[in-house]
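The block underneath contains the structure these notes are about, expressed in structure tokens.
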Amino acid sequence: MNDRKNGKWIISISLCILISGCTWNPPEGYTEKHHSYEELVEYARSIDPDATVSDDPVDVKDDYWEYRIYPAVINGMECSVASTSDVVYDSLGEFGKIYYKMDTDYDYYIISDVLNDYPELGTIYDDSESMRFQVNDVIVSGIEVDSITQDELDELWDAYKRINSELEQYDLRKTIWLKIAFPDGDSYFKETSEQYYQNMIGRLKENGKL
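Offset between the sequence shown (1-based) and my numbering: plus 1.
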């Protein structure tokens with residue numbers, strides 16, 4: 002079934018090129034094939050000049066993405082660097098094409114480690130490859146509540162600001178969001194500006210959650 006879907010995708014892309022002349026402009030560093038071991042070593046050492054990368058990759062595929070993952074040690078943290086697939090859309094925004102970028106789950110493990118000091122912010126709910134390497138450069142921790150008071154929300158907000166301040170000391174490429182899961186829907190802390198918080202309070206009151 003996947004082969005048939007991939008075949009249809011390839012045909013669609015080919016027709017797009019022939020008929021409309023659409024083009025792709027991938028971000029800098031994206032390639033049409035997996036990145037090499039040497040490129041990933043250079044990438045790891047752009048974070049930590051003393052980083053080490055083992056030339057013993059593991060290829061992983063899920064329903065959407067491909068990963069070639071190399072064990073690494075960055076700033077003393079055991080982690081991985083990877084060549085991961087990503088979709089880039091053509092100039093018309095209609096057809097997607099697979100490219101490969103370099104990424105690391107160093108950020109994931111640093112955020113997970115620091116998060117242990119903030120139990121009120123919950124835990125990261127997903128340790129899959131897509132969470133560690135993809136997901137729009139965001140790591141999401143989550144809590145579940147039936148309801149929340151203003152004082153409880155203020156305490157969460159204070160903890161969220163403190164963990165973001167602490168994470169500034171690390172050279173991270175991802176940020177942390179907090180998901181507050183209510184029975185009838187989710188709300189998120191996504192940034193630490195006061196205006197963002199006041200807007201969130203307004204939305205929660207409007208929806209009867211606060």
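Ideal Cβ positions, reconstructed from N, Cα and C, are used throughout, including at glycine.
* **Nearest-angstrom Cα separation, counted from D106 out to T53** => Locating residue 53 in the sequence shown gives position 52, counting from the first residue. Locating residue 106 in the sequence shown gives position 105, counting from the first residue. When only Cα atoms are considered, T53 and D106 end up about 14 Å apart.
* Below 8 Å CB to CB, which residues in the same chain sit around S21 once its five sequence neighbours on both sides are set aside? => Here residue 21 corresponds to residue number 20 of the sequence shown, with the count starting at 1. Note that S21 has pLDDT 49, beneath the 50 cutoff, so the model's placement of it is unreliable and no number is given.
* DSSP three-state assignment for Y198, whether helix, strand or coil -> The sequence position of residue 198 within the sequence shown is 197, counting from 1. Y198: helix per DSSP, three-state reduction.
* Given A160, which residues of its chain have a CB within under 6 Å of its CB, disregarding the five upstream and five downstream residues? -> Reading the sequence shown from its first residue, position 159 is the one you call residue 160. So the list reads Y119, E121 and L122, once near-sequence residues are dropped.
* Asked: If you pair each beta-carbon of the stretch 99 to 118 with each one of the stretch 42 to 59, do three or more pairs fall below 8 Å?
  -> The stretch 99 to 118, when compared against the stretch 42 to 59, does touch it at the 8 Å Cβ threshold.
* **Endpoints, the beta strand (DSSP E) within which Y71 is located** => Position 70 of the sequence shown, counted from the start, is the residue given in the question as residue 71. Boundaries of the beta strand (DSSP E) harbouring Y71: E67 to I75, taken from the DSSP string.
* Ordered along the chain, which non-local residues of its own chain (more than five positions away) have a Cβ less than 7 Å from that of Q135? -> On the sequence shown, residue 135 is found 134 positions in, with the first residue counted as 1. Cβ-Cβ distances below 7 Å link Q135 to W66 and T85 in the same chain, with the five nearest sequence neighbours on each side left out; the list follows chain order.
* With DSSP run on the structure shown, which of helix, strand or coil describes A52? -> Here residue 52 is taken as the residue at index 51 of the sequence shown, counted from 1. Of the three classes helix, strand and coil, the one that applies to A52 here is coil, per DSSP.
* Asked: With distances taken between CB atoms, is the gap from I181 to I144 smaller than 7 Å?
  -> Stepping through the sequence shown from its first residue, residue 181 is reached at position 180. Stepping through the sequence shown from its first residue, residue 144 is reached at position 143. In contact: I181 and I144 (Cβ atoms closer than 7 Å).
* **Collapsed DSSP secondary structure at I112 in the structure displayed** => Against the sequence shown, residue 112 aligns to sequence position 111. Helix.
* Let me know the secondary structure DSSP gives W178 once reduced to three states. => Locating residue 178 in the sequence shown gives position 177, counting from the first residue. It is a strand residue.
* Asked: Under the DSSP definition of a beta bridge, which residues are partnered with C80?
  -> Indexing the sequence shown from 1 puts residue 80 at position 79. Beta-bridge partners of C80 (DSSP): A73.
* Per DSSP, what kind of secondary structure is V42 in: helix, strand or coil? -> Taking the first residue of the sequence shown as 1, we reach residue 42 at position 41. It is helical.
* To do: Return the CA-CA distance between L211 and Y101, expressed in angstroms with no decimal places.
  => One-based indexing of the sequence shown puts residue 211 at position 210. One-based indexing of the sequence shown puts residue 101 at position 100. Each residue's Cα considered, the two are about 43 Å apart.
* From G186, N137, E39 and E33, pick the residue whose C-alpha is nearest to that of V146; which is it? -> Reading the sequence shown from its first residue, position 145 is the one you call residue 146. Ranking the options by Cα distance to V146, first place goes to G186.
* Would you kindly work out how many angstroms separate the C-alpha atoms of T150 and H35, rounded to a whole number? => The residue given as residue 150 occupies position 149 in the sequence shown. The residue given as residue 35 occupies position 34 in the sequence shown. The straight-line gap from Cα to Cα measures roughly 49 Å.
* May I have the straight-line CA-CA distance separating C17 from I99, to the nearest angstrom? => Position 16 of the sequence shown holds residue 17. Position 98 of the sequence shown holds residue 99. Any reading at C17 needs caution, since the residue's pLDDT is 49, under 50, leaving its predicted position unreliable; the model's value is listed next. Going by the C-alpha atoms only, they are around 15 Å apart.
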